[in-house]
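Inspection log for the structure reproduced underneath, given as structure tokens.
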């Protein structure tokens, strides 16, 4: 809402070290939007997602959780979350419950009618924000179509649309984002989905798309910094850069001393 003093935008991955500050801010006027891929991103996916659920329960109007492509039954069975739940609980019941929650996460969020927040990107099947609002979200992520594209697509230096090497979603170019923002009276698309070593990255000459990456030292090996994007009443983005804790201070579950092979 316009009376709120600002919005913090974060994505994706673990946020354990920031939980106290998130709680402190949410007690005030600031809202938080988390841009998906809460799981499959480290040793503590379950704890990370549980923390986000607790924050949502305590501050329902101030915490928004946007679904990423990893909030999916199919993906989590391959990239770690299913295995993590099995190891910690001895069965798949907790994983199944989390997947049921995934089906009800938001697909996008709008800040003051000017900033679109989404995990992946745009879709050739979506021209207006109203078309996002009517997507049937209470389901497993489809293999194609508008729902799939919102969580899988990426900005790229292409003319309009191109086939994505990911095998899902699309690559979209400057003309696509410029037209979409013009039609919907937007000034910025904030998204996640791609590792950015500097923590954030503006795309295209128009700089109307920005990637926000909030998982430092991704996969415990990439050495990247991470960022949180904050927006004040003027909706001008400001980025808070942070690094991972040193390895000697990082907790590692028993039997998981090696570096995990997580989805890049």
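In the UniProt record's numbering, the protein residues as written are 1 to 264. We put the beta carbon where it would ideally sit given N, CA and C, even for glycine.
According to DSSP, is residue 43 helix, strand or coil?
Coil, per DSSP.
How close, in whole Å, do the beta carbons of residue 122 and residue 72 come, if the pair is a contact with beta carbons under 8 Å?
Not confirmed; about 19 Å, so no contact.
Same chain, Cβ closer than 7 Å to residue 243, neighbours up to 5 away in sequence not counted:
216, 225
Can you tell me whether residue 143 is buried or exposed? The criterion is at least 16 other CB atoms within 10 Å of its CB, across all chains shown.
Counting C-beta atoms within 10 angstroms of its own C-beta, residue 143 has fewer than 16 neighbours from the protein chains shown and is therefore classed as exposed.
Can you grab the Cα-Cα spacing for the pair residue 158 / residue 29, in whole Å?
40 Å
Can you say whether residue 174 is buried or exposed, counting buried as having 16 or more other CB atoms within 10 angstroms of its CB?
buried
Sequence-distant residues of its chain with Cβ nearer than 6 Å to residue 95 (five each side left out):
82, 85
Sort 78, 192, 70 by Cα distance to residue 141 and report the nearest one.
Residue 70 is the option with its Cα nearest to residue 141.
Kindly confirm or deny that the region 99 to 114 and the region 231 to 239 touch, where touching means at least three C-beta pairs closer than 8 Å.
Yes: the two stretches touch, three or more of their Cβ pairs being nearer than 8 Å.
Check whether the Cβ atoms of residue 277 and residue 214 lie closer than 9 Å to each other.
In the structure as shown, the chain begins at 1 and stops at 264. Residue 277 is therefore absent and cannot be evaluated.
What is the rounded straight-line gap between the Cα of residue 79 and the Cα of residue 67?
A straight line joining the alpha-carbon of residue 79 with that of residue 67 spans about 16 Å.
Does any heavy atom of the ligand HEM sit closer than 8 Å to the C-beta of residue 37?
By its list of ligands, the structure shown contains no ligand whatsoever, and the ligand HEM lies outside what it can speak to.
On the DSSP letters alone, give me the boundaries of the beta strand (DSSP E) that residue 31 sits inside.
Residue 31: member of the beta strand (DSSP E) spanning 31 to 34, first to last residue.
Taking the alpha carbon of residue 254 as the reference point, which residue from 136, 87, 146 has its own alpha carbon closest?
87
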